[in-house]
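> Chains as they are written, first to last, in our numbering: chain H, 1 to 113; chain Y, 114 to 229.
Here's a structure for you.
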């Protein structure tokens, strides 16, 4: 079945650690996105990539980094510079860009311990 | 600056009722509007996408309409069922304020509870 797979489902980070969230899609989509979801706030865009080897900062990129070395993969690293990383992280993809239908993974809940 | 508002924030209805969820946006220069469903602790599921040139889209018991001039979209759910209980989010594809890159602008969602 085609879709987007995020792993792990739950992730715990100690203070000062970097952690990487995985996002893989087999939909053959060019565009991929990372969002952060916090209670009482709308989805906020962290990074997006329209094509392999290219990505752009979204609204809240500080403290995060990404790579897009393969079409099907768009991992997100939450660095120690991100001061409030506890949130629900959602990865999405679409065929070309935001003008096409977005498909989401099941999310990763990151908690700082 | 584009803003998306969803009212009400929460809605509770008895099973079988027809209901309408609202989404309003401040800038009519949109490219499309999408409706999503989110179950607790899960990702989003795409329900309907309406292009700016369209007036409505239908999928099963769901019907979404778009009125760009008034900045409104409605999601109509017919004969609601307990399985429809979820948060419904709308998002518009709108221009960045700088450059030509577009992004989705999100509402906060309507939390729907359908009671048996």
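Virtual Cβ for every residue (Gly too), placed ideally from N, Cα, C.
With a CB to CB cut of under 6 Å and the five nearest residues on each side skipped, what residues in its chain are close to residue 59 of chain H?
Working through the first chain from its first residue, we reach residue 59 of chain H at position 59. Same-chain partners within the cutoff: 44, 45.
> How many Å lie between residue 5 of chain H and residue 204 of chain Y at the Cα?
Residue mapping note: residue 5 of chain H aligns to position 5 of the first chain, counting from 1. Residue mapping note: residue 204 of chain Y aligns to position 91 of the second chain, counting from 1. Between residue 5 of chain H and residue 204 of chain Y, the C-alpha separation is close to 22 Å.
> Give the single residue among H/23, H/78, H/67 whose Cα lies nearest to the Cα of residue 14 of chain H.
The sequence position of residue 14 of chain H within the first chain is 14, counting from 1. Considering only alpha carbons, the answer is H/78.
> Between residue 54 of chain H and chain Y, is there a C-beta pair that is closer than 9 Å?
Within the first chain, the letter at position 54 stands for residue 54 of chain H. Closer than 9 Å: no.
> Are the C-beta atoms of residue 48 of chain H and some chain Y residue less than 9 Å apart?
Mapped onto the first chain, residue 48 of chain H falls at position 48. Yes - at least one Cβ of chain Y is within 9 Å of the one on residue 48 of chain H.
> What separation, rounded to the nearest whole angstrom, lies between the Cα atoms of residue 181 of chain Y and residue 168 of chain Y?
As a working note, residue 181 of chain Y is residue 68 in the second chain. As a working note, residue 168 of chain Y is residue 55 in the second chain. Roughly 9 Å separates the two Cα atoms.
> Looking at the structure shown, is residue 127 of chain Y part of a helix, part of a strand, or coil, going by DSSP?
Along the second chain, read from residue 1 onward, the residue named residue 127 of chain Y stands at position 14. Reduced to three states, the DSSP call for residue 127 of chain Y is strand.
> With a CB to CB cut of under 6 Å and the five nearest residues on each side skipped, what residues in its chain are close to residue 25 of chain H?
Here residue 25 of chain H is taken as the residue at index 25 of the first chain, counted from 1. If we look at residue 25 of chain H and ignore the five residues flanking it on each side, its Cβ neighbours are 4, 72, 93.
> Please report whether the beta-carbon of residue 159 of chain Y lies at a distance below 9 Å from any beta-carbon of chain H.
Counted from its first residue, the second chain places residue 159 of chain Y at position 46. Yes - at least one Cβ of chain H is within 9 Å of the one on residue 159 of chain Y.
> Between which two residues does the beta strand (DSSP E) containing residue 114 of chain H stretch?
Past the boundaries of the shown model lies residue 114 of chain H; chain H is included only from 1 to 113, so the question cannot be answered.
> Among H/91, H/97, H/22, whose alpha-carbon lies nearest the alpha-carbon of residue 37 of chain H?
Your numbering for residue 37 of chain H matches position 37 in the first chain. Answer by Cα proximity: H/91.
> What are the start and end residues of the beta strand (DSSP E) that includes residue 187 of chain Y?
Within the second chain, the letter at position 74 stands for residue 187 of chain Y. 185-190 is the span of the beta strand (DSSP E), which, as asked, contains residue 187 of chain Y.
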